[in-house]
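Some notes on the structure that comes next.
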Amino acid sequence: MTELPLIGEAVAVAANPQLAGARIGVVTFPGTLDDRDAARAVRLAGATPVELWHADTTLGDVDAVVIPGGFSYGDYLRAGAIARFAPLMSKIIDAANAEAKLPVLGICNGFQILTESHLLPGSMIKNDHLKFMCRDQVLRVENNSTAWTGDYAVGQEITVPLKNQDGQYIADEKTLDALEADGRVVFRYVGFNPNGSRRDIAGISNAAGNVVGLMPHPEHAVEAGFGPEEGSGTEGLGFFTSVLNQIVGGNK
Numbered sequence: 003m004t005e006l007p008l009i010g011e012a013v014a015v016a017a018n019p020q021l022a023g024a025r026i027g028v029v030t031f032p033g034t035l036d037d038r039d040a041a042r043a044v045r046l047a048g049a050t051p052v053e054l055w056h057a058d059t060t061l062g063d064v065d066a067v068v069i070p071g072g073f074s075y076g077d078y079l080r081a082g083a084i085a086r087f088a089p090l091m092s093k094i095i096d097a098a099n100a101e102a103k104l105p106v107l108g109i110c111n112g113f114q115i116l117t118e119s120h121l122l123p124g125s126m127i128k129n130d131h132l133k134f135m136c137r138d139q140v141l142r143v144e145n146n147s148t149a150w151t152g153d154y155a156v157g158q159e160i161t162v163p164l165k166n167q168d169g170q171y172i173a174d175e176k177t178l179d180a181l182e183a184d185g186r187v188v189f190r191y192v193g194f195n196p197n198g199s200r201r202d203i204a205g206i207s208n209a210a211g212n213v214v215g216l217m218p219h220p221e222h223a224v225e226a227g228f229g230p231e232e233g234s235g236t237e238g239l240g241f242f243t244s245v246l247n248q249i250v251g252g253n254k
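Be aware that the sequence shown starts at 3, since it is given in the numbering used here, and climbs by one per residue.
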């Protein structure tokens with residue numbers, strides 16, 4: 003497997019040397035834009051990123067999977083709708099639902115793919131203002147018991163970039179009520195709802211907490227000086243260290 007290059011000198015933040023043995027798969031579809039950024043975030047967190055191609059028929063020996071953002075298949079049918087049928091997605095769906103509960107993170111287009119795959123409920127439609135939105139966005143952590151949020155505190159506010167056109171999360175009232183009651187709303191928009199998402203929902207999880215989808219981009223907030231101007235600029239790194247700490251604590 004070809005090693006994904008880093009730009010400049012990147013130093014992993016992980017203090018636990020066991021984390022270096024963790025392998026996080028990063029999926030690429032035709033039209034994916036943020037796979038290199040996600041791989042860089044994985045490496046900065048202390049693990050090894052593993053390239054996964056949409057046509058692969060095996061996940062290999064990975065401990066978790068990130069489905070990055072972009073415009074898979076150009077969003078020509080519906081955002082995430084074609085990617086859902088990629089050969090690799092059937093493997094991801096099976097692994098996420100298996101007894102071992104493979105951790106899966108879907109970011110932006112990855113979130114859309116997770117809803118299309120029925121790993122997460124609801125759907126994503128055009129922003130309510132019908133325009134592409136790009137901005138630094140404040141999120142509030144609502145659930146820190148998922149595979150991807152253990153390094154955050156409930157109620158903590160983090161700032162990460164957001165960039166989307168089909169970012170409005172919708173679901174029927176029964177589904178929304180169930181998500182709220184079960185604590186499966188993982189992130190909410192704070193101060194400004196950038197796309198009209200129901201109940202200010204920015205991210206949700208499945209019932210087991212191993213699958214998380216969110217619209218903003220934590221992989222763009224992992225290095226000081228290269229992320230949002232507000233805060234540390236590295237407040238997205240916790241997604242990747244969270245899953246690594248769970249892997250080491252639970253499976254390694």
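Backbone N, C-alpha and C define an ideal beta-carbon position, used for all residues, glycine too.
DSSP puts residue i in a beta bridge; with which residues?
| i | result |
| --- | --- |
| tryptophan 55 | Thr30 |
| alanine 66 | Ile26 |
| asparagine 166 | Met135 |
| tyrosine 171 | Met126 |
| threonine 161 | Val140 |
| glycine 108 | Ile69, Gly215 |
| threonine 50 | Arg25 |
List the whole-angstrom C-beta distance separating residue i from residue j, where the pair is believed to meet the contact cut-off of C-beta under 8 Å.
| i | j | result |
| --- | --- | --- |
| threonine 161 | glutamate 101 | So it is not a contact: roughly 37 Å between Cβ atoms. |
| aspartate 65 | arginine 25 | 5 Å |
| alanine 98 | leucine 121 | 6 Å |
| glycine 2 | threonine 117 | Only positions 3 to 254 of the chain appear in this structure, which leaves residue 2 out of reach. |
| valine 140 | valine 156 | So it is not a contact: roughly 16 Å between Cβ atoms. |
| glycine 238 | glutamate 221 | 6 Å |
Using the three-state DSSP reduction, which class does residue i fall into: helix, strand or coil?
| i | result |
| --- | --- |
| histidine 219 | coil |
| valine 224 | coil |
| valine 44 | helix |
| serine 249 | Here residue 249 turns out to be isoleucine, not serine, going by the sequence shown. Looking at isoleucine 249 - three-state DSSP - the assignment turns out to be helix. |
| leucine 141 | strand |
| leucine 239 | helix |
| tyrosine 78 | coil |
| serine 244 | helix |
| alanine 85 | helix |
| aspartate 36 | coil |
| serine 234 | coil |
| threonine 4 | Note that threonine 4 scores 44 on pLDDT, short of 50, meaning its location in the model is unreliable; the coordinates nonetheless yield the value given after this. Three-state DSSP puts threonine 4 in coil, outside helix and strand. |
Span of the alpha helix (DSSP H) holding residue i?
| i | result |
| --- | --- |
| glutamate 255 | In this structure the chain extends from 3 to 254, so residue 255 is not present and cannot be described. |
| alanine 204 | First-last for alanine 204: 203 to 207, but that is the beta strand (DSSP E), not the alpha helix (DSSP H). |
| leucine 178 | 175 to 183 |
| serine 92 | 89 to 99 |
Please identify the residue among the options whose C-alpha is closest to the C-alpha of residue i.
| i | options | result |
| --- | --- | --- |
| aspartate 96 | Leu239, Thr59, Thr151, Ile203 | Thr59 |
| tyrosine 75 | Ala88, His131, Glu144 | Ala88 |
| methionine 126 | Arg80, Glu144, Gly157 | Arg80 |
| tyrosine 78 | Gln139, Gly33, Leu246 | Gly33 |
| lysine 133 | Gln170, Val156, Asn111, Glu144 | Gln170 |
| glycine 205 | Ala41, Ile109, Ser92 | Ile109 |
| leucine 46 | Ala209, Thr243, Val250, Gln248 | Thr243 |
| alanine 180 | Asn208, Arg190, Val156 | Asn208 |
| aspartate 63 | Ala41, Leu104, His56, Ala83 | Leu104 |
| histidine 196 | Leu54, Gly229, Asp138 | Contrary to the premise, residue 196 reads as proline rather than histidine in this sequence. Minimum Cα distance to proline 196 is reached at Asp138. |
| isoleucine 172 | Gly238, Val187, Leu246, Leu61 | Val187 |
| isoleucine 203 | Leu90, Asn145, Met91 | Asn145 |
| isoleucine 94 | Ala43, Val52, Thr236, Ser119 | Ser119 |
| glutamate 175 | Ala226, Pro123, Asp130 | Pro123 |
With residue i as the anchor, note down where its beta strand (DSSP E) starts and where it stops.
| i | result |
| --- | --- |
| serine 125 | 125 to 127 |
| phenylalanine 189 | 187 to 191 |
Indicate whether at least one CB of chain B lies closer than 7 Å to the CB of residue i.
| i | result |
| --- | --- |
| valine 156 | The chain inventory of the structure shown lacks chain B, comprising one protein chain alone. |
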